[in-house]
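Asks:
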Amino acid sequence: MTADIVSAYVSKNSVRPADLGELITSVHQTLKGLSEPATPAADQIEKPTPAQIKKSITPDALISFEDGKPYKTLRRHLTLRGLSPEAYRAKHGLPADYPMTAASYSAQRSELARSLGLGSYRKGQIKAAEPEEAASEAPAEPKQKKAGRPRKVS
Numbered sequence: 040m041t042a043d044i045v046s047a048y049v050s051k052n053s054v055r056p057a058d059l060g061e062l063i064t065s066v067h068q069t070l071k072g073l074s075e076p077a078t079p080a081a082d083q084i085e086k087p088t089p090a091q092i093k094k095s096i097t098p099d100a101l102i103s104f105e106d107g108k109p110y111k112t113l114r115r116h117l118t119l120r121g122l123s124p125e126a127y128r129a130k131h132g133l134p135a136d137y138p139m140t141a142a143s144y145s146a147q148r149s150e151l152a153r154s155l156g157l158g159s160y161r162k163g164q165i166k167a168a169e170p171e172e173a174a175s176e177a178p179a180e181p182k183q184k185k186a187g188r189p190r191k192v193s
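Per the numbering used here, residue 40 is the first one in the sequence shown, and the count goes up by one each step.
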């Protein structure tokens, strides 16, 4: 694989013959580093204390334990980092009920949904159904023809 990468690089770039050995070595070391598993020190993440967990939840934002920045919703931030909410909670030792959305943002979205009429049964549907039943019981009147162009007589 190293030879393929180096030959592709050399075919598009000019490299001095003296630098070719160094290029092969650096590509090989890079590939070798990618194939090795991550060091155990990188996998060991300090679990936040209960005080830190409580401090990370504010009414306006949630503080991410990944980068320390505030977010209204963590879901998109975690997706960019390749984590699901469950994996994030497990990685940092967070409780199962740890929120993924700030309280004020959730309230704002709920209020918007209510103002649009979502989640409520439409009263107009019940009233609209009643006149149809009354109309079907009354004798049907013949419909009048619409005025329009006369038919062609052949």
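Where is the CB? At the ideal position from N, CA and C, for every residue including glycine. These figures come from a predicted structure and were not determined experimentally.
Out of curiosity, what's the CA-to-CA distance linking Ser149 and Ser159?
Replies: The straight-line gap separating the alpha-carbon atoms of Ser149 and Ser159 is approximately 13 Å.
Asks: On a Cα-Cα basis, can you pick out the residue from Gly187, Pro98 and Lys71 that is closest to Ser145?
Replies: When only C-alpha atoms are compared, the closest one is Pro98.
Asks: Can you grab the Cα-Cα spacing for the pair Glu75 / Gly121, in whole Å?
Replies: Rounded to the nearest whole angstrom, the CA to CA distance from Glu75 to Gly121 is 20 Å.
Asks: Apply the 10 Å Cβ neighbour rule to Leu101 and answer buried if 16 or more other Cβ atoms are within range, or exposed otherwise.
Replies: buried
Asks: Here's a check: name, in chain order, each residue in its chain whose Cβ is nearer than 8 Å to the Cβ of Leu39, leaving out the five neighbours to either side.
Replies: Residue 39 lies beyond the stretch modelled for the chain, which goes from 40 to 193, so this question has no answer here.
Asks: Does the beta-carbon of Leu70 have 16 or more other beta-carbons within 10 angstroms, so that it is buried, or is it exposed?
Replies: exposed
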